[in-house]
Amino acid sequence: MTDYGCPMHPQVRSGGAGACPVCGMALEPLAAAGAAEPSRELRAMTRRLGLGAVLALPLAILEMTHHLAGGSLHAHPGPRLMQWIQLGLASPVVLGAGRPLLERGWDSLRRRSLNMFTLITLGVGAAYLDSIAATLAPDAFPVGLRQHDGTVPVYYEAAAVITVLVLLGQVLELRAREQTGSALRSLLRLAPASARRIRTDGADEEVPLAGVRVGDRLRVRPGEGVPVDGVVLEGHTSVDESLVTGESLPVEKQPRDAVIGGTVNGTGSFIMQAQCVGADTLLARIVALVAEAQRSRAPVQRLADTVSAWFVPAVVGAAILAFTAWMLFGPAPAFAYALAAGVSVLIIACPCALGLATPMSIVVAIGKGANAGVLIRNAAALERLERVDTLVVDKTGTLTEGRPAVSAVVPAAGFAEAAVLRLGASLERASEHPLAAAIVAAGDERGLPMEEVADFRSLTGQGVTGRIAGEPVALGSARLLAELGISLAELELPAAQLRRDGATVIFVASGGRAAGLIAVADPVRVTTPAALARLTAEGIAIVMLTGDNRTTAQAVAARLGITQIEAEVRPEEKSAAVRRLQEAGHVVAVAGDGVNDAPALAAADVGLAIGTGTEVAVRSAAITLLRGDLAGVARARRLSCATMRNIRQNLALAFVYNALGIPLAAGALYPAFGLLLSPVAAATAMSLSSVSVIANSLRLRSLRL
558 MTDYGCPMHP QVRSGGAGAC PVCGMALEPL AAAGAAEPSR ELRAMTRRLG
608 LGAVLALPLA ILEMTHHLAG GSLHAHPGPR LMQWIQLGLA SPVVLGAGRP
658 LLERGWDSLR RRSLNMFTLI TLGVGAAYLD SIAATLAPDA FPVGLRQHDG
708 TVPVYYEAAA VITVLVLLGQ VLELRAREQT GSALRSLLRL APASARRIRT
758 DGADEEVPLA GVRVGDRLRV RPGEGVPVDG VVLEGHTSVD ESLVTGESLP
808 VEKQPRDAVI GGTVNGTGSF IMQAQCVGAD TLLARIVALV AEAQRSRAPV
858 QRLADTVSAW FVPAVVGAAI LAFTAWMLFG PAPAFAYALA AGVSVLIIAC
908 PCALGLATPM SIVVAIGKGA NAGVLIRNAA ALERLERVDT LVVDKTGTLT
958 EGRPAVSAVV PAAGFAEAAV LRLGASLERA SEHPLAAAIV AAGDERGLPM
1008 EEVADFRSLT GQGVTGRIAG EPVALGSARL LAELGISLAE LELPAAQLRR
1058 DGATVIFVAS GGRAAGLIAV ADPVRVTTPA ALARLTAEGI AIVMLTGDNR
1108 TTAQAVAARL GITQIEAEVR PEEKSAAVRR LQEAGHVVAV AGDGVNDAPA
1158 LAAADVGLAI GTGTEVAVRS AAITLLRGDL AGVARARRLS CATMRNIRQN
1208 LALAFVYNAL GIPLAAGALY PAFGLLLSPV AAATAMSLSS VSVIANSLRL
1258 RSLRL
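Each residue of the sequence shown is one higher than the last, beginning at 558 in the working numbering.
What follows is the structure, encoded as structure tokens:
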């Protein structure tokens, strides 16, 4: 059985799907599923939205044309028949499509846990029930509230349209929350579905991943994923661990070296022994960390619900007070006047403006951000990003390109730089070494002609040798050239400097002597220095957090002026490092692009994924920088500040409107001026408040990022 919980209230747990008894939000599964399962809640809510929209549209058209015709009897059927038609269209919308909303509102009243659904239920219920009363018993209303044809105004259209708009918001919310689960599913898919286990008789058998046990001997062939965490028993290979550790260069593996489940084997085959399986693997722990961090996030709607806790009782109290005052002191028929005043208060206080205040700004901001290369997947991130004071950045793929490239070629005396690179590229063209592609690519970029290589030989962990034009050539480590009796004395100084700069140094020899060296490194993105300078100027502290080796990390940090560095950090330690910063009082944003960044992206107050990175990183983050540029962080923060300012303005408009409208609807002007705000005027004022909020939100479209 799957356990469900509320993303806003972690203490709420349930054995099945449903709504949170505190805030009314739909509960979500706590465990990550290996495959995408369609959400029954989303399908049901989408069907309800479709039904509501189909019926609310003709209802709105009828009401609009009725007003345009000035209520002419020639333009429509009789007024009484018109009201019955509206009742027939609105009832399935309010009572059918909107039933879950009304149930959540009723539960909030029954449990005395007031939230936005309380406001929705009161507003829709007041408009709908008053309209039914006006349709069934118009004579019970005072003459002053009747129209020239004897009918009492009805608000079926308002009740139906409000219901459809709220359903639309629910569908958008459920879709967004369903997408967050895809981050966990992407992580789970990194591990292969099965493993190749070696039986006691030496034969291979394919078993499901769940069937692997600690101590099993497993065979991993070239190009396959490593099934579980373990240790190499036999064989030599290189493993691409960039998705998990952040190390940009493939890692050589030999007996007794550890391997991680979910990483990708290179060109060699090896036999490993399983040491951690199931929930104990590093990948499973990363999944658990991401899931836990996602559940701890509070959506931006918390602000509206906090306001509702005070606003709802005030509105209900005002309606009761107005009803009581008219019953005690109003003219005859006192009950009809009291009912009209109470309903007007509830209608004018309907949460349209309050409900639109946040989502309208968010919708406009999301569109604006998308045009600027900032994809916002989690609206709550906009609220938090405004308060960020610390940016944690990964190195590989975030500050750097994430792809090894030749950074320098240093020739020895008597050799030209092009000749050294030509020799290296010619040898590496036949090599399977992880750095071969970078050297060959550098030769191709310079248009160097490749030489034919004879007697090619690959020495695992050392380099390659061969003959070019009859001359012996070698490429590899200092140890390989030492074994060949070749002195590297004149290259030791530049090699040491390049290593301090974070490069991997490969030596080239020809004709029995050193020809030069080739340095391969992960280059810093061209736009990174300017982006970091801009963020620092805005008061954001920069922290580098990387799984790469300390020498490389320090070299890159020194080049970029970053003083806070944590290197050789394992994936499960990244989220702990983020939490330490948060516990110290910092509001932390994390920018990264790898699987190893996923826990930190999820644990951060705001996660920003580089859009050119892995799918898991993109799906774990609330914001994706589509252009792969850290300047997008500054653009996203500016957008956040403007959006939150816009939301506060919208909330102020909504509350000023209610502060003025509720007393008028209650009849505050009647004693002095004999003016009573009818429910029609209340509904009109409610619409105008929504228009003002929408117009203010649209101003974000002109924001310069």
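Even for Gly, the Cβ is constructed at its ideal location relative to N, Cα and C.
- Membership of Lys810 in the beta strand (DSSP E) is indicated by the continuous run 808-810.
- As DSSP reads the structure, Asp797 sits in a beta bridge with Val821.
- Between the C-alpha atoms of Ser1044 and Val950 there is a straight-line separation of about 41 Å.
- Taking each of Arg776, Thr824, Arg770 in turn and checking the Cα distance to Cys833, the smallest one comes out for Arg770.
- Taken through DSSP and simplified to helix, strand or coil, Gly1023 comes out as strand.
- If you check the CB distance, Ile996 and Val963 come in under 8 Å.
- Looking at the DSSP output, Glu1123 shares a beta bridge with Leu1102.
- In the DSSP secondary-structure assignment, Thr915 is not bridged to any residue.
- Beta-carbon to beta-carbon, Val796 and Val788 are separated by about 13 Å, too far to satisfy the 8 Å threshold.
- Here the alpha carbons of Gly1231 and Ala1225 stand approximately 10 Å from one another.
- DSSP places Met1007 in no beta strand (DSSP E); its state is neither H nor E.
- Per the coordinates, the alpha-carbon of Ile1122 lies some 16 Å from the alpha-carbon of Arg1057.
- Using a 10 angstroms sphere on the CB of Pro779, the tally of other CB atoms stays under 16, which defines it as exposed.
- In chain order, Gly825, Ser826, Phe827, Ile828 place their CB closer than 7 Å to the CB of Gly792, counting only its own chain and leaving out the 5 sequence neighbours on each side.
- Ser1034 sits in coil when the DSSP states are folded into three classes, being neither helix nor strand.
- The continuous alpha helix (DSSP H) containing Ala1134 extends over residues 1128-1140.
- Taken atom to atom, the span from the alpha-carbon of Thr678 to that of Ser751 is near 51 Å.
- If you draw a straight line from the Cα of Val1144 to the Cα of Leu1260, it comes to about 25 Å.
- With contact defined as three or more Cβ pairs closer than 8 Å, the stretch 1058-1075 and the stretch 1096-1104 are not in contact.
- Partner residues in the beta bridge of Thr1181, as assigned by DSSP, are Leu932, Ala1166.
- Pairing Ala1157 with Lys1131 gives a Cβ-Cβ distance under 8 Å.
- Residue pairing by DSSP places Arg1194 opposite no residue, since no beta bridge is assigned to it.
- The C-beta of Trp641 has fewer than 16 other C-beta atoms within 10 Å across all chains shown, which makes the residue exposed.
- Taking a cut-off of 8 Å for Cβ pairs, the stretch 1213-1227 and the stretch 886-901 touch, as three or more such pairs fall below it.
- By the Cβ rule, the stretch 639-659 counts as touching the stretch 708-723, because three or more pairs are nearer than 8 Å.
- Of the residues Gly1164, Met639, Val721, Pro1080, the one whose Cα lies closest to the Cα of Gly954 is Pro1080.
- Between the C-alpha atoms of Gly818 and Val611 there is a straight-line separation of about 51 Å.
- Scanning its chain for C-beta atoms nearer than 6 Å, with the 5 sequence neighbours on each side dropped, one finds around Gly1033 the residues Gln1019, Gly1020, in chain order.
- Within the DSSP secondary-structure output, Glu762 pairs in a beta bridge with Arg754.
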